[in-house]
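S.K.:
There are 2 protein chains.
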Amino acid sequence: MAEMYLGKSTGKPRVVIIGGGFGGVNLARKLKDADVEVVMLDKHNYHTFQPLLYQVAIGAIESDAVAFPIRRIFTRQKNFSFHMAEVQKINPVANTVSTTLGDVHYDYLAIATGANTNFFGNKEMEHFTMPMKNLPEALNIRSLILQNLEKAAVTTNVAERDALLTFVVVGGGPTGVELAGALAEMQTNMLCKDYPDLKPEHMKVYLAEGKTKLIASMSEQASVKAKQFLNEMGVIIYNDVHVTSYNGNDLAIDNGVNIKTRNVFWAAGVKGEVPEGIPQEVILRGGRIQTDEINRVKGYENIFCIGDVAAMITVDSPNGHPGVAPVAIQQGAQLAANIINIIKGEATKPFKYRDKGSLATIGRNKAVADLGKLRFQGFFAWFVWLFVHIMSLAGFSNKLVVFCNWLINYFTKNTDNRLIIHYFDTETMMTEPIAK
Amino acid sequence: MAEMYLGKSTGKPRVVIIGGGFGGVNLARKLKDADVEVVMLDKHNYHTFQPLLYQVAIGAIESDAVAFPIRRIFTRQKNFSFHMAEVQKINPVANTVSTTLGDVHYDYLAIATGANTNFFGNKEMEHFTMPMKNLPEALNIRSLILQNLEKAAVTTNVAERDALLTFVVVGGGPTGVELAGALAEMQTNMLCKDYPDLKPEHMKVYLAEGKTKLIASMSEQASVKAKQFLNEMGVIIYNDVHVTSYNGNDLAIDNGVNIKTRNVFWAAGVKGEVPEGIPQEVILRGGRIQTDEINRVKGYENIFCIGDVAAMITVDSPNGHPGVAPVAIQQGAQLAANIINIIKGEATKPFKYRDKGSLATIGRNKAVADLGKLRFQGFFAWFVWLFVHIMSLAGFSNKLVVFCNWLINYFTKNTDNRLIIHYFDTETMMTEPIAK
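Residue numbers (UniProt numbering), protein chains in the order written: chain A, 1 to 436; chain B, 1 to 436.
1. Who are the near neighbours of residue 423 of chain B in its chain, counting only those whose CB is closer than 8 Å to its CB and skipping five residues on each side?
2. Within 7 Å of any Cβ in chain A, is that where the Cβ of residue 395 of chain B sits?
3. Just the chain B side, please: which residues come within less than 7 Å of residue 414 of chain A by C-beta, in chain order?
4. Does any residue of chain B bring its CB to less than 7 Å from the CB of residue 154 of chain A?
5. Could you check how far apart the C-beta atoms of residue 208 of chain A and residue 253 of chain A are, in whole angstroms? I think they sit under 8 Å.
6. What are the boundary residues of the beta strand (DSSP E) that includes residue 363 of chain A?
7. From what residue to what residue does the beta strand (DSSP E) around residue 178 of chain B run?
8. Run through the region 41-75 of chain A for me and flag every whole beta strand (DSSP E) of 3 or more residues, listed as ranges in chain order.
9. Is the beta carbon of residue 371 of chain B closer than 7 Å to that of residue 404 of chain A?
10. Give me the residue from B/325, B/294, B/132, B/358 with the minimum Cα distance to residue 263 of chain B.
11. Which word fits residue 3 of chain B, buried or exposed, when buried means at least 16 other C-beta atoms lie within 10 angstroms of its C-beta?
12. Mind the definition here: the region 243-257 of chain B touches the region 277-284 of chain B only if three or more C-beta pairs lie below 8 Å; say whether that holds.
13. Quick one: grab the DSSP three-state call for residue 458 of chain B.
14. Should residue 362 of chain B and residue 226 of chain B be called a contact, given that it needs their Cβ atoms to be closer than 7 Å?
15. What would DSSP say about residue 347 of chain A, mapped onto helix, strand or coil?
16. Give the residues of chain A in contact with residue 83 of chain B, contact being defined as C-beta atoms less than 9 Å apart.
17. Judging by CA-CA distance, which residue of A/413, A/15, A/349 is the nearest neighbour of residue 337 of chain A?
18. Out of curiosity, what's the CA-to-CA distance linking residue 88 of chain B and residue 41 of chain B?
19. Based on the DSSP output, what are the partners of residue 89 of chain A in its beta bridges?
20. Under the assumption that residue 99 of chain B contacts residue 85 of chain B (Cβ atoms under 8 Å), give the Cβ distance between them as a whole number of angstroms.
21. Can you grab the Cα-Cα spacing for the pair residue 420 of chain B / residue 315 of chain B, in whole Å?
22. Given that residue 68 of chain B touches chain A, what residues does it touch there, using C-beta distances under 7 Å?
23. Pull up the distance between the alpha-carbon of residue 149 of chain B and that of residue 73 of chain A, whole angstroms please.
24. When the cut-off is 7 Å and only beta carbons count, does residue 430 of chain A lie next to chain B?
25. So, at 6 Å on beta carbons, what are the nonlocal neighbours of residue 52 of chain B in its own chain, with the 5 sequence-adjacent residues on each side left out?
26. Give the interface partners of residue 75 of chain A over in chain D, defined as CB-CB distance under 7 Å, in chain order.
27. In this structure, how does DSSP classify residue 369 of chain A when only helix, strand and coil are distinguished?
28. By the 10 Å Cβ neighbour count, where 16 or more other Cβ atoms means buried, how is residue 374 of chain A classified, buried or exposed?
29. How would you label residue 439 of chain B, buried or exposed, when you count the other beta carbons within 10 angstroms and need 16 or more for buried?
30. Using only alpha-carbon positions, find the residue among B/24, B/61, B/17 that is nearest to residue 407 of chain B.
31. In chain order, what residues of the same chain have a beta carbon less than 6 Å from the beta carbon of residue 311 of chain B, not counting five sequence neighbours either side?
32. Quick check on residue 96 of chain B: buried or exposed, where buried means 16 or more other Cβ atoms within 10 Å of its Cβ?
33. Taking only beta-carbon atoms, is residue 79 of chain A less than 7 Å away from chain B?
34. Fully enclosed by the region 222-290 of chain B, which beta strand (DSSP E) runs are 3 residues long or longer?
35. When Cβ atoms are compared, which residues of the region 398-414 of chain A fall closer than 9 Å to chain B?
36. Could you tell me whether the Cβ of residue 138 of chain B comes closer than 7 Å to any Cβ of chain A?
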């Protein structure tokens, strides 16, 4: 059984894909009709729709709606197989990947492991702040926020209450801006309705960003408008600052501000998830693996790398491409075509990124959009954002469920998924294990 | 702040309700217009719709859809407050409840703590088998089933594979029958589609019941038909048997059958969740607290008990009422009326159970219904089951989301929530803690 998949088998060239994110999934899909064997490895059995994790964290949508079983995506793809396994090491000489299930042979290897949170070596931040790059992390944030609201509702110590109700988002990129906006809406719409003892003015939302502007990857117009939206919603924004220390209670910022807070969310940076076995000399800044214009890892014939973990350094992209889903999706498609070309002995085609634009939502009826030359903000941008995100979700059921959630949230201004299912222990900074 | 709620406060009579299940929630709702202060305590911040937990366990519906935040249920109820707290002890002399948040004074106390799994003192079963009485337990089952399918897909050991694909449900009440049916549908509809290496004939589903018939609480006709449905779906049913031992691998049944299995689900019994401080002499068989005909705990003036944890022993109900949601809901409503009567000095009214009937679903288009004198089975019973369950769910969003899930499942025969979010560790029999 297992040998068939974990060793050399059908005689067809085998493409092993590490990671079932946007890049890996699209690469596998586009190999559907190719005369190859596709093997996907992921430590989770599901694909995660990362752009909506903040909505899970805030309790706006069901946790299960942003994830989709990888096997289900490929139910009908005959040349595909999936294994839930952690990759331990890549062995380029042997053409194998060592995993928790054993060694897997490859003819072509695609590294699509994505990015994880970058704390830039700051152990204190790593310990005390909450990242949000995967579903368990988003659920931990959901638990922490709700636990702290429950605690705030019963404490008789006003300073303690205020620290429990102070939320700091570190990082003003799209994720940070979206999370800060969602917290501000919680403050306005939910807090006094469901916590009669707490008042919106007891709660504070801060956003701290190192650059001089928010969502620096987008247009000046989008950036300015996003800041204006957040200001109107009551978010206190610090630009051009860095957080210098946080001990779980006191956060220090290098503009002299000290904030007493129990909720610090870290959205200030990412780094590539580089598997072991990739030599240091091809790992660039931010943990990205250097590739050529067909996503081939520098120095290898049959190892490729796509998406957030790849840095395609060419004349057109001297710093690589932005770490966003469309890049990963397009690189996956192009790499599929190129692997087929290589197998057939035909010429490969260099990757060209078609930037369709960027969207970020700040709140109800409030979003910013840069689409091609178009720049627009407000209700229509928000509507486009909703549409694009629903259509991009894997699985018809997820589309429908998220649509229902949003429809209801829009009319009721309520978020109904505020459940503490797995308690987050702020002593150990882990979910409490649940005995069956 | 907290003192207001956790100590004596407004001068109005205070009704403290322990537990936010069907009984507690309805009691609190019916006190909406009463001149009392209602305080609800629950260790979870959500109400659980237990009848659908098995659908979460099987991955058919979103985990968040069977739960609803308790605060959200009571958003508009002015005389209501909620505290997420574990009750440690009831102090009848002081009229207080000791909780993890401190002591809470009551004028009237309602124990609505429900029931938990009863292993009848069998420590081995308690350790190795999986109960399903709350949402984390249902999610643990979901993880275990999916983990074992993943393991089965890669093992080269056929005996090992078969043990991983053998599912035993202990207990042939409604829960056991519904779970066994759902497992059989997984075998037919999902297994070979998503696990090309596994064949339906590799998988086995057993149902072991101590009584001579299944769902003994329903009519003979329902019981016979349920068994027939399950037989048709390939479930191997043993009646009139008891499981005698299980070590995590080998399950022994007293009809001489030994089953190698890694998946044993315990739905064989429940016992009341009796808080400390209730004297032994009023605790009857199955951990139920004896009450009079107005749900007053024997020997107390102002302590009441409703739902699964109550045993109302009267001429009409010499063994108490069945442990089902409608009893809890009706007792909650009646107790609300009686507490108001007591406060006004008016006569109380004894509880009368209006049995509207029972429903159990075995699979797609297959359910059994006893409604009043009507007995029917098959598609229409299944349709009624769907309708009743959707309408009973708390929250419009949950209704809509479950409806969407079922609609899609019906047409695609797929279950899309098969996610291993919190890995279940079969060494420790706990979820693995997730560091943030």
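Note that the Cβ used here is the ideal one computed from N, Cα and C, for glycine as well.
M.R.: Put simply:
1. Counted from its first residue, the second sequence places residue 423 of chain B at position 423. Once the five neighbours on either side are set aside, the close Cβ partners of residue 423 of chain B are 143, 147, 431, 432.
2. The count along the second sequence starts at 1 and reaches residue 395 of chain B at position 395. Yes, residue 395 of chain B lies at the interface with chain A (some Cβ there is under 7 Å from its Cβ).
3. Here residue 414 of chain A is taken as the residue at index 414 of the first sequence, counted from 1. Chain B residues near residue 414 of chain A: 72.
4. Taking the first residue of the first sequence as position 1, residue 154 of chain A is located at position 154. With 7 Å as the cut-off, residue 154 of chain A counts as an interface residue toward chain B.
5. Here residue 208 of chain A refers to the residue found at position 208 of the first sequence. Here residue 253 of chain A refers to the residue found at position 253 of the first sequence. With a Cβ gap of about 6 Å, residue 208 of chain A and residue 253 of chain A count as contacting.
6. To locate residue 363 of chain A, count along the first sequence from 1; it is residue 363. Here the beta strand (DSSP E) through residue 363 of chain A covers 358-363.
7. Indexing the second sequence from 1 puts residue 178 of chain B at position 178. Run containing residue 178 of chain B: none in the beta strand (DSSP E); it sits in the alpha helix (DSSP H), 174-185.
8. 46-48, 67-69
9. Walking along the first sequence from the start, residue 404 of chain A turns up at place 404. Walking along the second sequence from the start, residue 371 of chain B turns up at place 371. Contact: no.
10. Along the second sequence, read from residue 1 onward, the residue named residue 263 of chain B stands at position 263. With distances taken between Cα atoms, residue 263 of chain B lies closest to B/132.
11. Sequence index remark: in the second sequence, residue 3 of chain B carries index 3 (1-based). For residue 3 of chain B, the predicted structure reports a pLDDT of 40, less than 50, and the residue's modelled location is therefore unreliable. A value from the coordinates is still provided. So residue 3 of chain B counts as exposed.
12. no
13. Nothing about residue 458 of chain B can be reported from this structure: the residues present for chain B run from 1 to 436 only.
14. Looking up residue 362 of chain B in the second sequence gives position 362. Looking up residue 226 of chain B in the second sequence gives position 226. Taking 7 Å as the Cβ cut-off, residue 362 of chain B and residue 226 of chain B qualify as a contacting pair.
15. Start at 1 with the first residue of the first sequence, and residue 347 of chain A comes out as number 347. Coil at residue 347 of chain A, not helix or strand.
16. By one-based count along the second sequence, residue 83 of chain B stands at place 83. Those are 150, 153, 154, listed as they occur along chain A.
17. Position 337 of the first sequence, counting from 1, holds the residue named residue 337 of chain A. Answer by Cα proximity: A/349.
18. Sequence index remark: in the second sequence, residue 88 of chain B carries index 88 (1-based). Sequence index remark: in the second sequence, residue 41 of chain B carries index 41 (1-based). C-alpha separation (whole angstroms): 11 Å.
19. Taking the first sequence and counting its residues from 1, one reaches residue 89 of chain A at position 89. BP columns for residue 89 of chain A point to A/98.
20. On the second sequence, position 99 is the one that residue 99 of chain B refers to. On the second sequence, position 85 is the one that residue 85 of chain B refers to. Right, the Cβ-Cβ distance comes to about 4 Å (below 8 Å), so this counts as a contact.
21. Looking up residue 420 of chain B in the second sequence gives position 420. Looking up residue 315 of chain B in the second sequence gives position 315. Residue 420 of chain B and residue 315 of chain B: Cα-Cα distance of roughly 49 Å.
22. If you number the second sequence from 1, residue 68 of chain B lands on position 68. Within 7 Å Cβ-Cβ: 416.
23. Reading the second sequence from its first residue, position 149 is the one you call residue 149 of chain B. Reading the first sequence from its first residue, position 73 is the one you call residue 73 of chain A. Taking the straight line joining both Cα atoms gives about 17 Å.
24. What you label residue 430 of chain A is simply residue 430 of the first sequence in a count that begins at 1. Cβ-Cβ to chain B under 7 Å: yes for residue 430 of chain A.
25. The residue labelled residue 52 of chain B in the question sits at position 52 within the second sequence. So the qualifying residues of the chain are 66.
26. Note that chain D does not occur in the displayed structure, where the protein chains are A and B.
27. On the first sequence, residue 369 of chain A is found 369 positions in, with the first residue counted as 1. In the structure shown, residue 369 of chain A sits in a strand (DSSP, three-state: E or B).
28. As a first step, residue 374 of chain A is located in the first sequence; it is residue number 374 there, counting from the start. It is exposed - the Cβ of residue 374 of chain A has fewer than 16 other Cβ atoms within 10 Å.
29. Residue 439 of chain B is absent from the model: chain B starts at 1 and stops at 436.
30. As a working mapping, residue 407 of chain B is identified with position 407 in the second sequence. Here the closest residue by C-alpha is B/61.
31. Mapped onto the second sequence, residue 311 of chain B falls at position 311. The answer, listed in chain order, is 284, 288, 290, 320.
32. Numbered from its first residue, the second sequence carries residue 96 of chain B at position 96. Classification for residue 96 of chain B: buried.
33. What you label residue 79 of chain A is simply residue 79 of the first sequence in a count that begins at 1. Judged by the 7 Å Cβ criterion, residue 79 of chain A is not in contact with chain B.
34. 236-238, 243-246, 250-253, 258-260, 263-266, 270-272
35. 398, 400, 401, 403, 404, 405, 407, 408, 409, 412, 414
36. Reading the second sequence from its first residue, position 138 is the one you call residue 138 of chain B. Taking Cβ atoms only, chain A never reaches closer than 7 Å to residue 138 of chain B, which makes this a no.
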